[in-house]
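Visitor:
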Amino acid sequence: MKTISNFNCKDKKVLVRVDFNVPQNNLLNVTDNTRIVAAKPTIDKILKDGGSVVLLSHLGRPKGKVSDEFSLKHIVSAIEKVVGQKIIFAKDCIGDDAKEKAKNLLPGEILLLENLRFHAEEENGDVDFAKELSSLGDVYVNDAFGTAHRAHASTSVIAQFFPSTKFFGLLMEKELFAIEKVLHKGEKPVTAIIGGSKVSSKITIIENILPAIDNLIIGGGMAFTFIKALGGRIGNSLVEEDKMQLALEILEKAKSHAVNIYLPVDTIIADKFSFDAKSEECDIYQIPEGWMGLDVGPKSNAIFHDVLLNSKTILWNGPAGVFEMLNFARGTIALGKAIEAVTKQGAFSLVGGGDSVAFVKQFGYDKKVSYVSTGGGAMLESLEGLELPGVAAINN
Ligand code: AMP
Numbered sequence: 433m434k435t436i437s438n439f440n441c442k443d444k445k446v447l448v449r450v451d452f453n454v455p456q457n458n459l460l461n462v463t464d465n466t467r468i469v470a471a472k473p474t475i476d477k478i479l480k481d482g483g484s485v486v487l488l489s490h491l492g493r494p495k496g497k498v499s500d501e502f503s504l505k506h507i508v509s510a511i512e513k514v515v516g517q518k519i520i521f522a523k524d525c526i527g528d529d530a531k532e533k534a535k536n537l538l539p540g541e542i543l544l545l546e547n548l549r550f551h552a553e554e555e556n557g558d559v560d561f562a563k564e565l566s567s568l569g570d571v572y573v574n575d576a577f578g579t580a581h582r583a584h585a586s587t588s589v590i591a592q593f594f595p596s597t598k599f600f601g602l603l604m605e606k607e608l609f610a611i612e613k614v615l616h617k618g619e620k621p622v623t624a625i626i627g628g629s630k631v632s633s634k635i636t637i638i639e640n641i642l643p644a645i646d647n648l649i650i651g652g653g654m655a656f657t658f659i660k661a662l663g664g665r666i667g668n669s670l671v672e673e674d675k676m677q678l679a680l681e682i683l684e685k686a687k688s689h690a691v692n693i694y695l696p697v698d699t700i701i702a703d704k705f706s707f708d709a710k711s712e713e714c715d716i717y718q719i720p721e722g723w724m725g726l727d728v729g730p731k732s733n734a735i736f737h738d739v740l741l742n743s744k745t746i747l748w749n750g751p752a753g754v755f756e757m758l759n760f761a762r763g764t765i766a767l768g769k770a771i772e773a774v775t776k777q778g779a780f781s782l783v784g785g786g787d788s789v790a791f792v793k794q795f796g797y798d799k800k801v802s803y804v805s806t807g808g809g810a811m812l813e814s815l816e817g818l819e820l821p822g823v824a825a826i827n828n
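Numbered by my numbering, the letters in the sequence shown go through residues 433 to 828 in order.
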């Protein structure tokens, strides 16, 4: 892997594409600095080598227009707090101010450029714009995993101007390593948990990971499409009727790859989609009319627990139930607990993509698993087997 860990940045001006697309409140204060903290190791490494850092990022969706609301100047103090030093700010990412400030940048200093997306050329992948950005540094580092699935000027097009000095940042390295570890180098048995609402949004992931895994646990709303396809009565549970045939085909494909599939056997049914619904345990094949399954039941939890406790590598994408309502969060919590236990025994566990990441953060399991991905869409596309443009640009 072409990573910055193997390069000495002494006296180099290093352009680092980061993903500082952080959440802010109405006063534009940063409410969650996870993405800034995630970029710190790369920044520290460059400064420690004796180089200087030019940070490139987008924030929000200004759609090619300058707008105060999306200015990176509002997040300067949050970055300074994380990196522990003052940073210099350029009021545009290209042009005289940026050029002057980049030219005068000394080893040990950090320059932050204004929002890349104030220029439509960024999202259009404009080559001239990328070339202008490239003139601000000697080395290019992509550490923006959250944006690596976009073929934008600063995430992929720019790399061509650094044929021998383009590298992955340390965060990118960790993300790519985690995916590699699960999909290509996973110690067996490898177990994937795929949950969430819809089969349709997870089908490509399932098809791509089947050759790499030994066990597949299916949870969440998407399980009901499988159960109905297998002849179960699912009441008012979530279902994609047009995906039932596909569900049966997945089961067949899994068999041909010798993958054990674990569908829930019981469920927690509710009389309405609400936190104050009446709820009961129920056989997942026998849900009465008017009721819907909103979580997996205790028998399923026990089965999933045993499978997970015997796994050496785990991939988790998607919740087991409607965890946003506490009375339907037990199945997802049980998964979190089992993964915590097996990770303690030495298994490698990766949580990636969307709602399972929200769950582990909310319930405190983010510190108990081996790795939580910082990139939603980028992680999903990686699991689908796509090569991300931001990754390809460094590799090729
Ligand atoms: P996804 O974005 O496809 O990963 O789906 C995540 C969403 O699926 C979460 O918001 C869950 O509340 C929802 N979900 C999980 N289980 C069920 C279920 N049994 N019925 C309806 N929605 C569910």
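Note that beta-carbon positions come from the ideal geometry of N, C-alpha and C, so glycine has one too.
As the structure is a computational prediction, the values presented were derived from the model and not from experiment.
S669 and M724 - do their beta-carbons sit closer together than 8 Å?
Guide: yes
Visitor: In chain order, what are the residue ranges of uninterrupted alpha helix (DSSP H) at least 4 long that sit wholly in the stretch 517 to 600?
Guide: Taking only runs of at least 4 residues, the alpha helix (DSSP H) segments lying wholly in the stretch 517 to 600 are 528 to 535, 552 to 556, 559 to 566.
Visitor: When we look at the beta-carbon of T463 and count the other beta-carbons within 10 Å, is it buried (16 or more) or exposed?
Guide: exposed
Visitor: Tell me whether T579 is buried or exposed, calling it buried when 16 or more other Cβ atoms sit within 10 Å of its Cβ.
Guide: buried
Visitor: At the level of alpha carbons, what is the spacing between G651 and G778?
Guide: 24 Å
Visitor: In the DSSP assignment, find the unbroken alpha helix (DSSP H) run with R762 in it and report its ends.
Guide: 762 to 776
Visitor: Between the beta-carbon of L488 and the beta-carbon of L602, is there less than 8 Å?
Guide: Contact: no.
Visitor: Would you list the residues whose beta-carbon is nearer than 6 Å to any heavy atom of the ligand AMP, in the order they occur in the chain?
Guide: G628, S629, K630, S633, G652, G653, L670, G725, L726, G750, P751, G753, V754, E756, G786, D787
Visitor: Over the uninterrupted alpha helix (DSSP H) stretch that includes R467, give me the two end residues.
Guide: 466 to 481
Visitor: On a CA-only basis, which of Y717, D646, S629, P539 is nearest K744? Give me that one, please.
Guide: D646
Visitor: Are the stretch 695 to 712 and the stretch 722 to 742 touching, with three or more C-beta to C-beta distances below 8 Å?
Guide: yes
Visitor: State yes or no: is the C-beta of G482 within less than 8 Å of the C-beta of D443?
Guide: For the 8 Å CB-CB criterion, G482 and D443 form a contact.
Visitor: Rounded to the nearest angstrom, how far is the Cβ of V469 from that of V514, given a contact under 8 Å?
Guide: 6 Å
Visitor: Would you grab the beta carbon distance between F561 and E553 for me? Rounded to a whole angstrom, and I think it's under 8 Å.
Guide: 4 Å
Visitor: Could you name the residues of the same chain whose beta carbon sits closer than 7 Å to that of M433, not counting the 5 residues immediately before and after it, in chain order?
Guide: F600, E605, L608
Visitor: Alpha carbon to alpha carbon, how far is L662 from A624?
Guide: Taken atom to atom, the span from the alpha-carbon of L662 to that of A624 is near 21 Å.
Visitor: Quick one: residues in its chain with C-beta nearer than 7 Å to the C-beta of P720, no 5 flanking neighbours on either side, listed in chain order?
Guide: G667
Visitor: Report the option in K533, E816, A690 whose CA atom is closest to the CA atom of T636.
Guide: E816
Visitor: Could you check the C-alpha separation between K800 and E772 for me, to the nearest Å?
Guide: Straight-line Cα distance between these residues: approximately 5 Å.
Visitor: Nearest-angstrom Cα distance between E541 and R582?
Guide: 29 Å
Visitor: What are the boundary residues of the alpha helix (DSSP H) that includes F439?
Guide: Premise fails: F439 is in no alpha helix (DSSP H) and is neither H nor E.
Visitor: Residue range of the beta strand (DSSP E) that T806 falls in?
Guide: Note, T806: premise wrong, no beta strand (DSSP E); not H, not E.
Visitor: Which first and last residues belong to the alpha helix (DSSP H) in which N827 is found?
Guide: Counting along the chain, N827 sits inside the alpha helix (DSSP H) bounded by residues 821 to 827.
Visitor: For I735 versus I682, is the C-beta distance shorter than 8 Å?
Guide: no
Visitor: By DSSP's criteria, I746 is part of a beta bridge. Which residues make up the other side?
Guide: T623, S781
Visitor: Looking at the strands, I want to know which residues DSSP matches up with Y694.
Guide: I649
Visitor: Quick check on this structure: which residue in D570, I475, N547 has the alpha carbon closest to the alpha carbon of A585?
Guide: N547
Visitor: Alpha carbon to alpha carbon, what distance is there between A610 and S629?
Guide: 25 Å
Visitor: Can you name the start and end residues of the beta strand (DSSP E) that D727 belongs to?
Guide: 724 to 728
Visitor: Just to confirm, are I826 and K598 a CB contact at a threshold of 8 Å?
Guide: yes
Visitor: Could you tell me which residues DSSP puts in a beta bridge with T699?
Guide: C714, V728
Visitor: Where does A522 land, buried or exposed, given buried means 16+ other C-beta within 10 angstroms?
Guide: Buried.
Visitor: Using CA coordinates, which residue listed in M676, F707, P621 is at the minimum distance from V691?
Guide: P621
Visitor: Beta carbon of G808, beta carbon of G822: below 8 Å?
Guide: no
Visitor: Inspect the beta-carbon positions of S805 and V792 and report whether they are closer than 8 Å.
Guide: no
Visitor: Evaluate L538 with the Cβ neighbour count: other Cβ atoms within 10 Å of its Cβ, from every protein chain shown; 16 or more gives buried, anything less gives exposed.
Guide: exposed
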